[in-house]
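Protein chains: 4
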Amino acid sequence: MISFASDYVAGAHPEVLKRLVETNMDILTGYGTDTYTLSAAEKIKKACNCPDAEVFLISGGTQTNQLVISTMLQPYEGVISASTGHINVHEAGAVEYTGHKVLSIPSHDGKVVSGELKDYIKAFYSDESHTHMVFPGMLYISFPTEYGTIYSKQELTDIYNVCREYDISLFIDGARLGYGLASKKCDITLPELAKLCDVFYIGGTKVGALCGEAVVFTGKAPKHFETQIKQHGALLAKGRLNGVQFDALFTDDLYMKISKHAIEMADKLISLFRERGYEFFLDSPTNQQFVIFNNKKLKDLEGKVGFSLWEPYDGEHTVVRFATSWSTTDDEIEELKKLL
Amino acid sequence: MISFASDYVAGAHPEVLKRLVETNMDILTGYGTDTYTLSAAEKIKKACNCPDAEVFLISGGTQTNQLVISTMLQPYEGVISASTGHINVHEAGAVEYTGHKVLSIPSHDGKVVSGELKDYIKAFYSDESHTHMVFPGMLYISFPTEYGTIYSKQELTDIYNVCREYDISLFIDGARLGYGLASKKCDITLPELAKLCDVFYIGGTKVGALCGEAVVFTGKAPKHFETQIKQHGALLAKGRLNGVQFDALFTDDLYMKISKHAIEMADKLISLFRERGYEFFLDSPTNQQFVIFNNKKLKDLEGKVGFSLWEPYDGEHTVVRFATSWSTTDDEIEELKKLL
Amino acid sequence: MISFASDYVAGAHPEVLKRLVETNMDILTGYGTDTYTLSAAEKIKKACNCPDAEVFLISGGTQTNQLVISTMLQPYEGVISASTGHINVHEAGAVEYTGHKVLSIPSHDGKVVSGELKDYIKAFYSDESHTHMVFPGMLYISFPTEYGTIYSKQELTDIYNVCREYDISLFIDGARLGYGLASKKCDITLPELAKLCDVFYIGGTKVGALCGEAVVFTGKAPKHFETQIKQHGALLAKGRLNGVQFDALFTDDLYMKISKHAIEMADKLISLFRERGYEFFLDSPTNQQFVIFNNKKLKDLEGKVGFSLWEPYDGEHTVVRFATSWSTTDDEIEELKKLL
Amino acid sequence: MISFASDYVAGAHPEVLKRLVETNMDILTGYGTDTYTLSAAEKIKKACNCPDAEVFLISGGTQTNQLVISTMLQPYEGVISASTGHINVHEAGAVEYTGHKVLSIPSHDGKVVSGELKDYIKAFYSDESHTHMVFPGMLYISFPTEYGTIYSKQELTDIYNVCREYDISLFIDGARLGYGLASKKCDITLPELAKLCDVFYIGGTKVGALCGEAVVFTGKAPKHFETQIKQHGALLAKGRLNGVQFDALFTDDLYMKISKHAIEMADKLISLFRERGYEFFLDSPTNQQFVIFNNKKLKDLEGKVGFSLWEPYDGEHTVVRFATSWSTTDDEIEELKKLL
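Below, the structure is given as structure tokens:
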């Protein structure tokens, strides 16, 4: 069965897997002190053109979000997020588990708007009783968002300016960062993005790795961050697992190459759906496509192609997500063509 | 200066204070095991017609909300609240501090609507990925609400039925419970309210005491609740302070008598504002009145009468709260009359 | 029945209660912004000769310990305490509830020894894997200790020097501070103590108040401390309750006067026990006396005098605590004399 | 350079890696619902002879300890551990981070003694003020311990009987479980161990996998455990990573085969050290050997062989850990022979 259910249906990109095999019997030190982890960090800093950054490799996205948010916030602070933000909906309360409120503001196809962000913060500080409220301490956005949309350079600049004006940090969840940067609609590069936030992560799990996200603190990491990783149970003894994979992903531009492939496949998907007269729930320029399906047709497709039910559209239609990834093939697109 | 700024501007009701003085040199055991605390609990159970209830006296409202919510929820659960609920806005994230998300649903003049509650819970369980989301484990409502409104018996019954259908507990924040029950619009009694929820508290701080809220678990309290009170730093060594006060408040119906007085004063306030042509932000039948003021007039009043700025109404007007309490006098109403 | 069971068996000192009565109908602002709270803070700063200190009034001891420790520690830090420290034994895990480990070191009659403290911290930093361990971030001591003992000026100086050498803060739990400072064996004054730590609290609950502890940050308080008090559920709406009491306690040296009375009563207690041939479990110069009792004798005393069972001594004897306080009278001592 | 620094110096066992390669392009569902995870769980239940067990695969040991302990304890409970237990020393306070105290009792070469456990719990319940203390809710032990020692069947039975008598759960940290079960001194089998506790985990990271620990709840898992895994940030999107590895480890008895190899290598190591006249710090029958080294000799070895400094022995000697694993070869032992 072919599947567009998500961007984590296959294992690792063959090149990544190959490096895991080749390095398997190397004798290495543990807990992220091995040579591959160090090399990966250097390559990432170079790719970000951010020589003073601090880079840490964490196993998964929710883990990373929880760690970054809880270690960067003060106890009296919460994190602002679009109402549709992953941390606000689909992480089982992982942020609240660490004692911090998610302060939700409106979502526009998954995105936050700088003006509304500013209004929110201004309203907070002008409230007479704001010392009895949760201080906004950070803005969380995802790039691309949970709806596949991306911020333009101008939008991100405006947002970051608001953050700096009110001295709150900006954290970009890049679980699918490659698929955002590789989008034809994207007018921003990795080094530019690194300059427009305080911390972000480069998603591996969904972009070619078996697991792993690379957190990049563009300035200083929270003090004793390694100890806090350990405290969260997130420090792998065999840090090599993340190290080797990211070292491979950032060798010969592999990360962006495979990201571009996923975008090419997504473009084919878009063309296919358009040809067949499907309507899109929204306009996504990245690897996740949200298509409105007749429920009867969905029934037909069951067991023949994998997809994700997103949300009901109306009584007879459903929003369905189709995702491509580095592993999507032309054959799969062709197969889907036959089924639609 | 007269003040309608809140219902906690004066100390204790004279009768309550008198009992503190009379019992001051009694030799008593600590940590809530004293005779007055036990007597207060018995009187409260009787007033609630709930002989099997478990009653605990806690010093303040936020403390109580935090304790009840965190001890009744499972780790994977959050608490549903109207977006305007005190726990969602003005408690500095006290619930999230304990690891639980506040799940906000729409507020209708401070109230939750049973239909929307049901829709929220149904949508949760029908979501394919709900195991990656925060389970609704409790509903929090306030009676009266933060906007002075109250639920009818039918509304509360409908809400509680939804809670029972989905096996979530219902917690009623009664910081101003007396002022709700004493309202002429209230069609519910204390024993009836006790039957329509799993836990509620009878506010003392705002209704005649120096401090203290009486939590009533209508069924079983969470196991080792006393230890959990201690763990939250909420167990007073001199439990007598809360005990004597609640014993006084529940002797000779004092609690309801002084609550009724506040409502009579509120009715006079309403008449006065109406006479003078003021508009109300919403219709509140209890001790908190939300009045729309011209900003110029507000400037005039500053320093002459105490009130609370609630929220901007438009560029030239502001919503202002005037609260009465057990301590409000006719003289204060007369004084205000001269100022309006 | 007379009682030496604890120093919180009676209500408030009459002078404190009188002020609560006199100020009861004053119209005051809430949440610790009232004039009495401000006045109390000023008087306390003066008594401590610490004009730049920041003072906050909290309702109880465990609440205070939890608040101070959790807001001053970084997430990766724990608090060092004598194994017998109140936070390590009798606070139901209130510190751990906030996410921090209590790092226990040996207790010498309730006290920490500076040399052992230094050894502990040195061993930590010389451990190869200390980044996988809990960093020592604060030292907690009690003055007097849970066993009634007190630190000499030299001992406290030595301890504070170790803290400064390793950049950890020193927090002194002064639940019974007055009874320590009033001891004839005490060679330290309140202003001196304030210079030898980063934060301490002046206990009210056990020294003349119905409730309340005054936290004194000798330097800066944690940022937005008021918001964090609220977040912990520890901010009283009627802050006047603590304010008026501490204002009274720090007027005309009342706090020290009543502390001295308790010490005089304790000295009479010591003489009495010595006369009757009782042995002391340890030498306490303050208001708590730990006496070794034959279990048969204890049975006889039951119901005639209040005391606290501390710990088994041997098969036939038990360590029993007798505590005096501001409320202990000569008559009670005489009554006890007849019973021994 | 050869290394005995730890049992996580190499990657995955070749057979495990081979399966990762073979299954890499399989299209699989996420979050632990894939066929390999399900198959692994079945094989593990069979190996444990525990058909009703619930099995979950988690990425690392600290993560697992934190998850199991925090989800099985009630808020008012702590976990008892030997003072030397990993959770008490080397996990950066991961348990306390979740709000629970580690209640430390004496360690005997890493082991807990049933009599002392019983004394501890009895003393707790007989303490008059135990409701102000942290309730013992679970016993944590490691098998083998941090010092390589193991419990006999009788010892474990005695310990479990105490746990059942006082209704606390028993959790066995099996980070190195294979190396314990494979020891010639071990008189207990996997199915027997499963019957003598409530939950344990089968360590993969140190026994042939790149990462992963298999938690086995011998009865019911905590409710909505999957949601709690997600909430802790511990749910891998590509659950296949753990699934395939454990499926391989529990095919054809691979887990025990490679464990036995490590023990054979350890026996050779013991013989070698004995031949050369080295003294052991303690008698370990498993893959970790603690040897007393002259500090000068250690300096000589630096850069030639990997080992772990454990703790100072005296001014001139140090306790050093040498660990074997599935990857240790005869050549390495020979090489070490030349160096000693």
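Residue numbers (my numbering), protein chains in the order written: chain Z, 6 to 345; chain R, 6 to 345; chain F, 6 to 345; chain P, 6 to 345. From the three backbone atoms N, C-alpha and C, an ideal C-beta is built for every residue, glycine too.
- Burial is judged here by how many other beta carbons sit within 10 angstroms of a residue's own beta carbon; Leu287 (chain F) has fewer than 16 and is exposed.
- In the structure shown, Arg281 (chain R) falls within a coil segment according to DSSP collapsed to helix, strand and coil.
- Under the three-state reduction of DSSP, Pro19 (chain Z) is assigned to helix.
- For Ala45 (chain P), the enclosing alpha helix (DSSP H) begins and ends at Thr40 to Ala52.
- The alpha-carbon separation between Ser276 (chain R) and Glu151 (chain Z) amounts to approximately 53 angstroms.
- Look at the stretch 52-91 of chain P and you find these whole runs of beta strand (DSSP E), each 3 residues long or longer: 59-63 and 82-87.
- A Cβ of chain P is located within less than 8 angstroms of the beta carbon of Gly104 (chain F).
- Across the set P:Gly66, P:Gly282 and P:Ser157, the C-alpha of P:Ser157 shows the shortest separation from the C-alpha of Lys189 (chain P).
- Judged by DSSP in its simplified three-state form, Val212 (chain R) adopts coil rather than helix or strand.
- Here DSSP, grouped into helix, strand and coil, assigns Tyr102 (chain Z) to helix.
- At least one beta carbon of chain F lies nearer than 8 angstroms to the beta carbon of Gln79 (chain Z).
- Nearest C-alpha to Lys200 (chain F) among F:Phe222, F:His113 and F:Asp258: F:Phe222.
- Secondary structure at Asn247 (chain F): helix, using DSSP grouped into helix, strand and coil.
- Not flagged as an interface residue toward chain P: His113 (chain F), since no C-beta distance is shorter than 8 angstroms.
- Between Val249 (chain F) and Leu25 (chain F), the gap from beta carbon to beta carbon is short of 8 angstroms.
- The distance from the Cβ of Gly244 (chain P) to that of Asp39 (chain P) is about 6 angstroms, consistent with a contact at the 8 angstroms cut-off.
- His322 (chain R) carries a strand assignment under DSSP once its states are collapsed to helix, strand and coil.
- Leu108 (chain P) is bridged by DSSP to P:Ile85.
- Annotation for Gly153 (chain R): Ser289, Thr291 and Gln293 place their beta carbon closer than 6 angstroms to its own, counting only its chain and skipping 5 residues before and after.
- Taking the Cα of Phe327 (chain P) as reference, the smallest distance to any Cα among P:Lys343, P:Phe295 and P:Thr334 is reached at P:Phe295.
- Annotated three-state conformation of Glu269 (chain P) is helix, per DSSP.
- In summary, Leu344 (chain P) is exposed, with fewer than 16 beta-carbon neighbours lying within 10 Å of its beta-carbon over all protein chains present.
- Residues of chain F with a Cβ closer than 8 angstroms to the Cβ of Lys235 (chain Z) are, in chain order, Thr136 and His137.
- Residues of chain F with a Cβ closer than 7 angstroms to the Cβ of Gly83 (chain P) are, in chain order, Gly98.
- When secondary structure is reduced to three states using DSSP, Asn292 (chain R) falls in the coil class, being assigned neither helix nor strand.
- Here His322 (chain R) is actually not in contact with Ser134 (chain Z); their C-beta atoms are around 19 angstroms apart, not less than 8 angstroms.
- By the 16-neighbour rule on beta-carbons within 10 angstroms, Pro111 (chain P) is exposed.
- DSSP places Ile146 (chain F) inside the beta strand (DSSP E), whose first and last residues are Phe140 to Ser147.
- Distance from the Cα of Ile146 (chain Z) is smallest, within the candidate group Z:His113, Z:Thr136 and Z:Ser131, for Z:His113.
- Under the Cβ distance rule, Leu314 (chain F) counts among the residues neighbouring chain P, one pair being separated by less than 8 angstroms.
- For Phe176 (chain Z), the enclosing beta strand (DSSP E) begins and ends at Ser174 to Asp178.
- It is roughly 46 angstroms from the alpha-carbon of Ala242 (chain P) to the alpha-carbon of Ala219 (chain R).
- Under the 8 angstroms Cβ criterion, the stretch 71-79 of chain F does not count as touching the stretch 113-125 of chain P, having fewer than three qualifying pairs.
- Taking 7 angstroms as the Cβ-Cβ cut-off, the stretch 211-232 of chain F approaches chain Z at Lys228, His229, Glu231 and Thr232, given in chain order.
- With a threshold of 8 angstroms between beta carbons, Glu133 (chain F) makes contact with chain P.
- Using a CB distance cut-off of 8 angstroms, Ala253 (chain P) does not count as an interface residue toward chain Z.
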